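Comments concern the structure below.
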Ligand SMILES: Cc1cc2nc3c(=O)[nH]c(=O)nc-3n(C[C@H](O)[C@H](O)[C@H](O)COP(=O)(O)OP(=O)(O)OC[C@H]3O[C@@H](n4cnc5c(N)ncnc54)[C@H](O)[C@@H]3O)c2cc1C
Ligand code: FES
Ligand code: FES
């Protein structure tokens, strides 16, 4: 095994081009487990810890450009405002020790259907900035997940950053597990209201081979909210509407039975989380609508 | 490969380190610092918890090469760290406490663990001490929720945690008194 230690991003890209089999190493919270248990013996480890750019973020007009290695702890501390859904999801990852090292870039690299970033990124809207010596491309996050633990990166590509839409409305994240800390999601759900676009977006985790959006549920809700004039009135959502949204979200799942939960339970739980996150987010939206209108 | 790392304030050098080796292995097997424990090697138990450049991490999940040129604090360095924070030198008896009475040379958090009866088999203790020390350095007067959250990555199979919570409260209260 060789330990490659690029000092700059350009050196990292050059190393990855020269050794496409090299395994990038960021926080190591996935990679080191595999190495400790001898599940993986890569020829090259490509350490990204020395590349300062990957630990920085920029907040632009429309997006936050989040460096691939920014640890979850930083997201919770500094990006709760523009990225509320991701900050909530980050808070549920592992433990303080894991959150101090683990990153969204690593979560995307691992592409586990249970990764907690994914529902939040899907709901907010995001592109993965993939780069190689050949150039940069932006991959919409919904097209990034290609299979169980597989992603759209080419062998010579690395994730430089994730461009995540800044929130223009309330966002929520919910996760089912056996306790609060240190839990791989049985299933998870992210929801974002986008009042400017008058749209609702969702993300489902751990209930299909890849993280995915509940498209039919989103379309139903977008139409129902528009038709009922809910965005303007900020009225309470009728229970029947929330129920149908929940059913459609559950219907988007394609889960498996495993040690953490049965397929039937997962489908049921996703429905419950969809209804609850919608309720919480809508309450916040109504609250802010009321205050702006009263002001 | 060779790895140079500052551990508890001293520059150390480890040779013949395998490229896939963890920082935990280097500390325990190459640098003779067995305080950090190895229980799960998968980030679940927290018994290997150390500070890496000030951040609380699981040493079992840090590749040795990633620690090159960095600063590590292990449980062995807590007393000295506490003394340095307090602006003094290392407390007497720090070298294994052979000279002084039992308990001499312990950091305030360590002493609180002893006094509160928070140590049974002791396997989880080093990791919990490093995590508790980190919490109290950041949040001098933590709420119970703060303590639970800060220690949520550390498992103990003996104590049932209550005495551990007591120990952290005790350490916080004592620190408050001396201010
Ligand atoms: C005890 C424990 C609890 C955990 N709990 C959770 C949890 O609750 N939720 C959750 O989602 N995850 C959890 N995880 C998994 C892990 O912490 C996350 O997936 C984390 O986001 C990985 O980030 P990392 O920086 O540590 O990645 P690494 O382990 O360094 O890398 C992960 C993968 O991504 C690749 N990679 C890393 N950076 C890049 C890059 N810039 N470009 C291309 N590829 C890259 C690596 O090659 C590897 O395949 C847990 C892990 C442990 C050990
Ligand atoms: S040995 Fe590192 S967390 Fe258990
Ligand atoms: S005292 Fe035995 S594991 Fe905690």
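Chains as they are written, first to last, in the UniProt record's numbering: chain A, 1 to 295; chain B, 1 to 179.
Every residue gets a Cβ at the ideal spot worked out from N, C-alpha and C, and that includes glycine.
Quick caveat: nothing in here was measured; it's all calculated off a predicted structure.
Tell me whether residue 4 (chain B) is buried or exposed, calling it buried when 16 or more other Cβ atoms sit within 10 Å of its Cβ. Around the beta carbon of residue 4 (chain B), fewer than 16 other beta carbons sit within 10 angstroms, so the residue counts as exposed.
With DSSP run on the structure shown, which of helix, strand or coil describes residue 67 (chain A)? Annotated three-state conformation of residue 67 (chain A) is strand, per DSSP.
Residue 132 (chain B) versus chain D: which residues are under 7 Å apart at the beta carbon? Included in the structure are the protein chains A and B, with no chain D among them.
Which whole-angstrom value is the C-beta distance of residue 17 (chain B) and residue 30 (chain B), which I expect to be below 8 Å? Confirmed, about 7 Å.
Residue-level contact to chain A via CB, residue 19 (chain B), 8 Å cutoff: Closer than 8 Å: yes.
Which residues, taken in chain order from the segment 47-73 of chain A, show a beta carbon closer than 7 Å to some beta carbon of chain B? Under the 7 Å Cβ criterion, the segment 47-73 of chain A contributes 47, 49.
DSSP three-state assignment for residue 49 (chain B), whether helix, strand or coil: DSSP places residue 49 (chain B) in strand when its eight states are reduced to three.
Sufficient close CB pairs (3 or more, under 8 Å) joining the segment 92-105 of chain A to the segment 18-29 of chain A: Flag = yes, the segment 92-105 of chain A and the segment 18-29 of chain A touch.
Determine, for residue 129 (chain B), whether the minimum Cβ-Cβ distance to residues of chain A falls below 8 Å. For residue 129 (chain B), the answer is no, since every Cβ of chain A falls outside 8 Å of its Cβ.
Go ahead and pull the three-state DSSP assignment for residue 19 (chain A). Secondary structure of residue 19 (chain A) (DSSP, three-state): coil.
Run through the segment 110-193 of chain A for me and flag every whole beta strand (DSSP E) of 3 or more residues, listed as ranges in chain order. Every unbroken stretch of the beta strand (DSSP E) spanning 3 or more residues and falling wholly within the segment 110-193 of chain A is given here in chain order: 126-132, 135-140, 145-147, 158-165, 171-176.
Below 8 Å between beta carbons: does that hold for residue 164 (chain A) and residue 121 (chain A)? Residue 164 (chain A) is a Cβ neighbour of residue 121 (chain A), given a cutoff of 8 Å.
Hey, is residue 81 (chain B) close to ligand 2, as in C-beta under 7 Å from one of its heavy atoms? False, no ligand heavy atom lies under 7 Å from that Cβ.
Please return the same chain residues whose Cβ sits closer than 7 Å to the Cβ of residue 15 (chain A), not counting the five positions on each side in sequence. Here the set comprises 4, 6, 22, 46.
Counting only beta-carbon atoms, is residue 183 (chain A) nearer than 8 Å to chain B? No Cβ of chain B is located within less than 8 Å of the beta carbon of residue 183 (chain A).
Name the DSSP bridge partner or partners of residue 13 (chain B)? Bridge partners of residue 13 (chain B): B:4.
Any non-hydrogen atom of ligand 2 closer than 7 Å to residue 60 (chain A) Cβ: Set against 7 Å, the gap from the CB of residue 60 (chain A) to the closest heavy atom of ligand 2 is not smaller.
Can you pull out the residues from the segment 85-99 of chain A whose beta carbon lies closer than 8 Å to at least one beta carbon of chain B? Listed in chain order, the positions of the segment 85-99 of chain A with a beta carbon within less than 8 Å of a beta carbon of chain B are 94, 95, 96, 97, 98.
Measuring from the CB of residue 125 (chain B), is there a heavy atom of ligand 3 at a distance below 7 Å? A distance criterion of 7 Å places the beta-carbon of residue 125 (chain B) in contact range of ligand 3, judged by its closest non-hydrogen atom.
Note down, in chain order, every chain B residue with its Cβ under 7 Å from the Cβ of residue 36 (chain A). Here the neighbours are 22, 41, 42, 60.
Based on DSSP bridge pairs, tell me the residues matched to residue 57 (chain A). DSSP output for residue 57 (chain A) lists A:66 as bridge partner(s).
Starting from residue 176 (chain B), trace the beta strand (DSSP E) in both directions and tell me its first and last residue. Per DSSP, residue 176 (chain B) belongs to no beta strand (DSSP E); it is in the alpha helix (DSSP H), 162-178.
Among the residues of its own chain, which have a CB less than 6 Å from the CB of residue 94 (chain A), if the five just before and after it don't count? Here the set comprises 182.
Can the beta-carbon of residue 89 (chain A) be found closer than 8 Å to that of residue 117 (chain A)? It is a contact, given that the beta carbons lie within the stated cut-off.
Compare the Cα-Cα distances from residue 248 (chain A) to each of A:232, A:196, A:270, A:235 and report the closest residue. The shortest C-alpha separation from residue 248 (chain A) is found at A:270.
Using a Cβ-Cβ cut-off of 8 Å, state whether residue 177 (chain B) counts as contacting chain A. No, because no Cβ of chain A sits closer than 8 Å to the Cβ of residue 177 (chain B).
With three or more C-beta pairs closer than 8 Å as the rule, is the segment 167-178 of chain A touching the segment 277-285 of chain A? For the pair of segments examined, the segment 277-285 of chain A was found to touch the segment 167-178 of chain A: the number of CB pairs separated by less than 8 Å reaches three.
Nearest by alpha-carbon distance to residue 68 (chain B): which of A:243, A:176, A:49, A:228 is it? Nearest in C-alpha terms to residue 68 (chain B), of all of A:243, A:176, A:49, A:228, is A:49.
Three-state secondary structure assigned by DSSP to residue 43 (chain A): It is coil, neither helix nor strand.
Go ahead and label residue 133 (chain B) buried or exposed: buried means 16 or more other beta carbons lie within 10 angstroms of its beta carbon, across all protein chains shown. Counting the other CB atoms within 10 Å of its CB gives residue 133 (chain B) a total of 16 or more, which places it among the buried residues.
Against chain B, does residue 8 (chain A) count as a neighbour if the rule is that its beta carbon must be under 8 Å from one of theirs? Residue-level contact check: residue 8 (chain A) does not touch chain B, since none of the beta carbons of chain B fall below 8 Å from its beta carbon.
For ligand 2, residues whose Cβ lies under 7 Å from any non-hydrogen atom: That gives B:24, B:37, B:38, B:39, B:40, B:41, B:42, B:43, B:44, B:45, B:46, B:47, B:48, B:58, B:59, B:60, B:61.
The alpha helix (DSSP H) that contains residue 34 (chain A), what's its start and end? DSSP places residue 34 (chain A) inside the alpha helix (DSSP H), whose first and last residues are 31-36.
For the beta strand (DSSP E) containing residue 261 (chain A), name the first residue and the last one. Membership of residue 261 (chain A) in any beta strand (DSSP E) is not indicated, and neither H nor E is assigned to it by DSSP.
Please state whether the Cβ-Cβ distance between residue 218 (chain A) and residue 201 (chain A) is less than 8 Å. In this structure, residue 201 (chain A) lies closer than 8 Å to residue 218 (chain A) by Cβ.
Counting only Cβ pairs nearer than 7 Å, list the residues of chain A close to residue 49 (chain B). Within 7 Å Cβ-Cβ: 97.
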